[in-house]
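K.L.:
Protein chains in written order, with the working numbering: chain A, 928 to 1299; chain B, 7 to 236. All C-beta atoms in this analysis are idealised placements derived from N, C-alpha and C, irrespective of residue type, glycine included. Take this structure, written in structure tokens, and hold onto it; I'll ask about it next.
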């Protein structure tokens, strides 16, 4: 027998209470893992989006494409040394065929930023009332080439459906930049620019050019912000909000779980007061008593962490099947988040069990043995 | 039977008092007592005279309000040293056994050994040997709920012997037992004393247990009544 035997037997002694504690912790940590996975997936897909488009820099007013920049700024950007191409575009969530929240991108058809797509049909013509649909949104709207969709009260012909992109793009609709501007009453205004630099002889040289161009843009247009694509993906508003929501929800869930563990362990200490007295009577030191109850607490919460991982994996799989949830770009969880979840479980056990374990260790053996 | 205690002093109690509730309760009032090595001493007296309180002080479970207790010539340890003292010098037997309900008899006997023996294999081997001493090695795999009250107290005695203590402090060890089980336990305690030389101090209301002791110490109103030797 080891001290772990005592820990296990104590947990097994109150099976229902132990299971409820594990379940509560599991829900809390599962929530943490779910939301953190969503934020991670979204960031990963945003990054993939810009990487697939081969974009080096993104120039906007803030960290979204919802700003208002004169389209002519693009001409000035093209004249900067080291700049190879500049693509103006703008983006927003629109109602398409009565379905709200569909990403709509106004895009310059002359640009090559969509060359990574596999298009069935053709690309849209400049300024035409035409749309290019991602495969997921096309399926959701029940549309195909030859059909039409209504955007902002305007009928727009579907001329192409694309695949071969990440989930964020596959849920998107592309229209010519001019049409987007007409639909939103913003002629000559864009949300931002993709900027590609001249390639150097090696990666180091290209990175140096990127840095130079960034500085040049900052000097020429101090009111604009220039991001590398990874930075933009990491810091964009949608990802930022998702991450903030993830942390906020996780903190609340974690706090509630800690209180639950404190309650469970306090009950355990109270019920086992005479047992604690016996252990002290046979010579157990205070720190062994402390270790006993802390071990119990941390074992419960680690089990809860394991359950949380299972709940999150199942939950994310279920969410990924819901068409409206596709925009969340659910792509599972990285291994590091599983490790974080278990670590959070251990921390939760430590925080929740510390006070009750301390009180158990401070119990006077004589009083404990007399406890009724 | 009462016999003047043989052997050298093991535990000496000088002027020990114990008060509770800020002096509202005086459990012990200047106790003077010597307990000898190798004896069986029974402490008897009416309920509330301070017998159990004295036993707790002798075992270092509590501290006297004033006075001194010497164990083997050394003042009784307190704090962390008190834990070590209880682990290595003292074994306790309680009226209600205080066996851990979710551990088997064999596991219960091992509980005191954690502070003294690191090897789980050696702990188990010693526990089996102790259960053999009390005649319960065949019941080692049973939970306390599956043991009779007499068997539970015998397991408790085996547990008290776990770290080869110099003294066993037994608080009403037969208080919850029927007469047959009480007699078995009393015989066992005498055997432990006879074979191992372990000093045994028993708080009891049971005349049969008192009669088995080498010496009877009478207490009344928180004091030891001077010994009657016959």
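Which residues of the region 929-946 of chain A have a Cβ closer than 8 angstroms to any Cβ of chain B? Give them in chain order.
P.N.:
Answer set for the region 929-946 of chain A: 929, 930, 932, 933, 936, 937, 939 and 940.
K.L.:
What does residue 1292 of chain A touch in chain B if you count any residue whose Cβ is under 7 angstroms from its own?
P.N.:
Within 7 angstroms Cβ-Cβ: 67.
K.L.:
So if DSSP puts residue 1003 of chain A in a beta bridge, which residue, or which two residues, is it bridged to?
P.N.:
Beta-bridge pairing links residue 1003 of chain A to no other residue.
K.L.:
Anything in chain A within Cβ reach of residue 113 of chain B, meaning under 7 angstroms, just list it in chain order.
P.N.:
Result: 928 and 932.
K.L.:
Evaluate contact between the region 956-967 of chain A and the region 1228-1244 of chain A, counting only Cβ atoms and requiring at least three cross-stretch pairs below 8 angstroms.
P.N.:
The region 956-967 of chain A is in contact with the region 1228-1244 of chain A.
K.L.:
In the region 1151-1212 of chain A, which residue ranges form an unbroken beta strand (DSSP E) of at least 3 residues, counting only runs that do not cross its ends?
P.N.:
The qualifying runs are 1152-1155.
K.L.:
Taking 7 angstroms as the threshold (beta carbon to beta carbon), is residue 1260 of chain A in contact with chain B?
P.N.:
Not an interface residue.
K.L.:
Let me know if residue 1121 of chain A comes out buried or exposed under the rule of 16 or more other beta-carbons within 10 Å of its beta-carbon.
P.N.:
That one is buried.
K.L.:
What runs of the alpha helix (DSSP H), each 4 residues or longer, lie entirely inside the region 28-116 of chain B?
P.N.:
Taking only runs of at least 4 residues, the alpha helix (DSSP H) segments lying wholly in the region 28-116 of chain B are 57-64, 86-95 and 111-116.
K.L.:
Between the region 63-93 of chain B and chain A, which residues of the former have CB atoms less than 8 angstroms from a CB of the latter, in chain order?
P.N.:
Those would be 65, 67, 68, 86, 89, 90, 91, 92 and 93, in chain order.
K.L.:
Going by beta carbon distance, what residues of the same chain come within less than 8 angstroms of residue 159 of chain B, once the five residues before and after it are set aside?
P.N.:
Within the same chain, residue 159 of chain B has close Cβ partners 99, 103, 179, 180, 182, 183, 187 and 191.
K.L.:
Check for me: the alpha helix (DSSP H) holding residue 122 of chain B runs from which residue to which?
P.N.:
Careful: residue 122 of chain B lies outside any alpha helix (DSSP H) and carries neither H nor E.
K.L.:
At 8 angstroms on the CB atoms, spell out the chain A contacts of residue 159 of chain B, in chain order.
P.N.:
Going along chain A, no residue has its Cβ under 8 angstroms from residue 159 of chain B, so there is no contact; the nearest lies around 14 angstroms.
K.L.:
Would you identify the three-state DSSP class for residue 988 of chain A, choosing helix, strand or coil?
P.N.:
Of the three classes helix, strand and coil, the one that applies to residue 988 of chain A here is coil, per DSSP.
K.L.:
Buried or exposed: which applies to residue 62 of chain B, given that a residue is buried once 16 or more other Cβ atoms fall within 10 Å of its Cβ?
P.N.:
Classification for residue 62 of chain B: buried.
K.L.:
Going straight from the alpha carbon of residue 988 of chain A to that of residue 1054 of chain A, what length do you get?
P.N.:
Taking the straight line joining both Cα atoms gives about 24 angstroms.
K.L.:
In chain A, which residues lie less than 8 angstroms from residue 130 of chain B when you measure between Cβ atoms?
P.N.:
Those within 8 angstroms of residue 130 of chain B in chain A are 928.
K.L.:
Could you tell me which whole alpha helix (DSSP H) segments of length 4 or greater appear in the region 1007-1079 of chain A?
P.N.:
Those alpha helix (DSSP H) runs which fall completely within the region 1007-1079 of chain A and span 4+ residues are 1062-1068.
K.L.:
If we count the other Cβ atoms within 10 Å of its Cβ and call it buried at 16 or more, is residue 218 of chain B buried or exposed?
P.N.:
Buried, since its Cβ has 16 or more Cβ neighbours within 10 Å.
K.L.:
Would you tell me roughly how many angstroms separate the C-alpha atoms of residue 1108 of chain A and residue 1021 of chain A, rounded to the nearest one?
P.N.:
If I take the Cα positions, the gap works out to 13 angstroms.
K.L.:
Can you tell me whether DSSP reads residue 1233 of chain A as helix, strand or coil?
P.N.:
Of the three classes helix, strand and coil, the one that applies to residue 1233 of chain A here is helix, per DSSP.
K.L.:
Between the Cα of residue 211 of chain B and those of B:232, B:198 and B:177, spot the shortest distance and give me the residue it belongs to.
P.N.:
Cα-wise, what sits closest to residue 211 of chain B is B:177.
K.L.:
Anything in chain B within Cβ reach of residue 1205 of chain A, meaning under 7 angstroms, just list it in chain order.
P.N.:
Chain B residues near residue 1205 of chain A: 104.
K.L.:
Establish whether the CB of residue 116 of chain B and some CB of chain A are separated by less than 7 angstroms.
P.N.:
At least one chain A Cβ lies under 7 angstroms of residue 116 of chain B.
K.L.:
Quick check on residue 1289 of chain A - is its C-beta less than 7 angstroms from some C-beta in chain B?
P.N.:
No, its Cβ sits nowhere closer than 7 angstroms to a Cβ of chain B.
K.L.:
Going by alpha carbons, who is nearest to residue 1102 of chain A out of A:934, A:1186 and A:1060?
P.N.:
Closest option to residue 1102 of chain A, Cα to Cα, is A:1060.
K.L.:
What residues in its chain sit with their C-beta under 7 angstroms from that of residue 970 of chain A, if we drop five residues either side in the sequence?
P.N.:
Result list for residue 970 of chain A: 1160, 1161 and 1166, in chain order.
K.L.:
Grab me the residues of residue 64 of chain B's own chain with a C-beta within less than 7 angstroms of its C-beta, minus the 5 sequence neighbours each way, in chain order.
P.N.:
Hits under 7 angstroms: 17, 75, 175 and 207.
K.L.:
Quick one: list the residues of chain B neighbouring residue 978 of chain A, beta-carbon separation under 9 angstroms, in chain order.
P.N.:
Result: empty, since nearest Cβ-Cβ is about 56 angstroms, beyond 9 angstroms.
K.L.:
Beta-carbon within less than 6 angstroms of residue 1082 of chain A's beta-carbon, same chain only, minus the 5 sequence neighbours each way: which residues are those?
P.N.:
1075.
K.L.:
Which of the residues in the region 1204-1224 of chain A, read from start to end, lie with their CB under 8 angstroms from any CB of chain B?
P.N.:
Answer in chain order: 1204, 1205, 1206, 1207, 1208, 1209, 1210, 1211, 1212, 1213 and 1215.
K.L.:
Could you check what DSSP says for residue 26 of chain B in three-state terms: helix, strand or coil?
P.N.:
Three-state result, residue 26 of chain B: strand.
K.L.:
Roughly how many angstroms lie between the CA atoms of residue 944 of chain A and residue 1033 of chain A, to the nearest whole one?
P.N.:
Straight-line Cα distance between these residues: approximately 57 angstroms.
K.L.:
Residue 126 of chain B versus chain A: which residues are under 7 angstroms apart at the beta carbon?
P.N.:
Per Cβ cutoff of 7 angstroms: 928 and 929.
K.L.:
Which residues mark the beginning and the end of the alpha helix (DSSP H) in which residue 252 of chain B is found?
P.N.:
In the structure as shown, chain B begins at 7 and stops at 236. Residue 252 of chain B is therefore absent and cannot be evaluated.
K.L.:
Rank A:1185, A:963, A:1292 and A:1168 by C-alpha distance to the C-alpha of residue 1259 of chain A and give the top, closest one.
P.N.:
Comparing Cα-Cα distances from residue 1259 of chain A to each of A:1185, A:963, A:1292 and A:1168, the minimum goes to A:963.
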